[in-house]
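Numbering (my numbering), first residue to last: 1 to 267.
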């Protein structure tokens with residue numbers, strides 16, 4: 001393990017439309033001590049493979065892996081985590097982007113805080129890179145806070161391997177990131193955020209994550225896998241605690257974005 005090295009984990013699957021933009025945002029970081037581990041989940045789109053191989057040939061920091069069968073994003077991320085050599089594990093999906101100074105600011109912040117898990121606020125944008133919202137990260141959360149609702153944007157998360165070792169994701173198709181962060185928090189108890197937005201999350205109209213009703217069963221699975229809840233207990237917690245907390249968070253973020261835009265318009 002190389003101290004100070006950041007291992008960036010990126011899963012891909014038929015991602016050619018935005019992939020180059022995502023990779024560029026990582027390789028152009030002001031913090032250059034990084035490796036980008038891309039595991040392709042058996043893409044049927046040859047252009048995705050072509051882009052990955054092109055970047056790997058041009059920059060030795062890009063380390064590609066190719067699955068021969070589709071296994072899901074959790075398995076793709078785990079393959080990259082397994083091969084990661086860095087002190088820090090960070091995440092960026094193939095349609096998201098980072099601001100150029102994200103790693104520089106976040107690693108300095110983690111060093112100052114001496115924390116295992118850190119994250120930040122992020123900007124939401126549409127398929128044409130138009131900004132449509134902002135998700136403001138709470139400065140500090142505990143395991144109890146994270147249990148109520150996932151407050152960590154995966155594209156902003158970084159954890160320090162030297163604290164408690166490597167953590168892998170669940171192989172379930174959705175909400176693997178939340179399970180990962182809860183598992184880490186069971187060890188470190190606290191996580192800290194830079195409230196400055198350091199990344200761009202792309203909202204895709206046809207994304208499975210847009211179907212909130214379809215995601216309910218995966219949210220319930222989180223409580224079963226991490227806390228050992230029965231199915232009944234999981235859905236009780238989901239409807240009584242998770243849903244109100246999530247709804248409040250969404251409304252708060254929308255209001256924050258509206259007020260921010262009004263201030264900009266007055267200037």
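Just so it is clear, CB atoms sit at the ideal spot from N, CA and C, and this is done for glycine as well.
Residue span of the alpha helix (DSSP H) that contains residue i, given as start and end
| i | result |
| --- | --- |
| residue 233 | 231 to 237 |
| residue 24 | 16 to 27 |
| residue 74 | 73 to 83 |
| residue 226 | 216 to 227 |
| residue 55 | 46 to 58 |
Through-space distance from residue j to residue i, alpha-carbon basis
| i | j | result |
| --- | --- | --- |
| residue 25 | residue 103 | 11 Å |
| residue 47 | residue 16 | 6 Å |
| residue 153 | residue 89 | 14 Å |
| residue 130 | residue 202 | 9 Å |
| residue 3 | residue 30 | 17 Å |
| residue 210 | residue 174 | Confidence is the limiting factor: at residue 210 the pLDDT is only 49, short of 50, which leaves the residue's position unreliable, though a coordinate-based value still follows. Distance between the alpha carbons of residue 210 and residue 174: 12 Å. |
| residue 180 | residue 167 | 7 Å |
| residue 121 | residue 135 | 6 Å |
| residue 250 | residue 81 | 31 Å |
| residue 83 | residue 8 | 11 Å |
| residue 149 | residue 58 | 40 Å |
| residue 162 | residue 188 | 12 Å |
| residue 353 | residue 125 | Within the shown structure, residues of the chain are numbered from 1 to 267, placing residue 353 beyond reach of any answer. |
| residue 220 | residue 246 | 14 Å |
| residue 92 | residue 231 | 31 Å |
| residue 95 | residue 49 | 15 Å |
Element boundaries [beta strand (DSSP E), containing residue i]
| i | result |
| --- | --- |
| residue 200 | 190 to 202 |
| residue 31 | Taken as a continuous stretch (DSSP letters only), residue 31 belongs to no beta strand (DSSP E), as it is neither H nor E. |
| residue 11 | 2 to 12 |
| residue 106 | Looking at the DSSP string, residue 106 is not in any beta strand (DSSP E); the run it does join, the alpha helix (DSSP H), is 102 to 113. |
| residue 125 | 117 to 125 |
| residue 131 | 131 to 135 |
| residue 343 | The question about residue 343 has no answer, for the chain in this structure spans 1 to 267. |
Own chain partners of residue i with C-beta closer than 7 Å, once the 5 adjacent residues on each side are dropped
| i | result |
| --- | --- |
| residue 20 | 51 |
| residue 160 | 87, 88, 110, 116 |
| residue 99 | 198, 199 |
| residue 45 | 14, 16 |
Nonlocal neighbours in the same chain, by C-beta distance under 6 Å from residue i, ignoring five residues either side
| i | result |
| --- | --- |
| residue 191 | 117, 141 |
| residue 62 | 36, 55, 56 |
| residue 193 | 119, 120, 137, 139 |
| residue 235 | 220 |
Nearest residue (CA-CA) to residue i, options the options
| i | options | result |
| --- | --- | --- |
| residue 128 | 18, 240, 6 | 18 |
| residue 169 | 74, 92, 123, 234 | 74 |
| residue 43 | 139, 143, 65 | 65 |
| residue 146 | 34, 235, 5, 184 | 184 |
| residue 114 | 164, 240, 222 | 164 |
Own chain residues within Cβ distance below 8 Å of residue i, not counting five before or after
| i | result |
| --- | --- |
| residue 41 | 11, 12, 13, 67, 70, 71, 72, 73, 75, 76 |
| residue 143 | 182, 185, 186, 189 |
| residue 229 | 223, 237 |
Within-8 Å CB hit, residue i to chain C
| i | result |
| --- | --- |
| residue 176 | No chain C is present in this structure, which holds just one protein chain. |
Enumerated in chain order, which unbroken segments of the beta strand (DSSP E) with a length of 3 residues or greater are wholly contained in the stretch 147 to 175? Secondary structure remark: continuous beta strand (DSSP E) runs of at least 3 residues inside the stretch 147 to 175, in chain order: 158 to 160.
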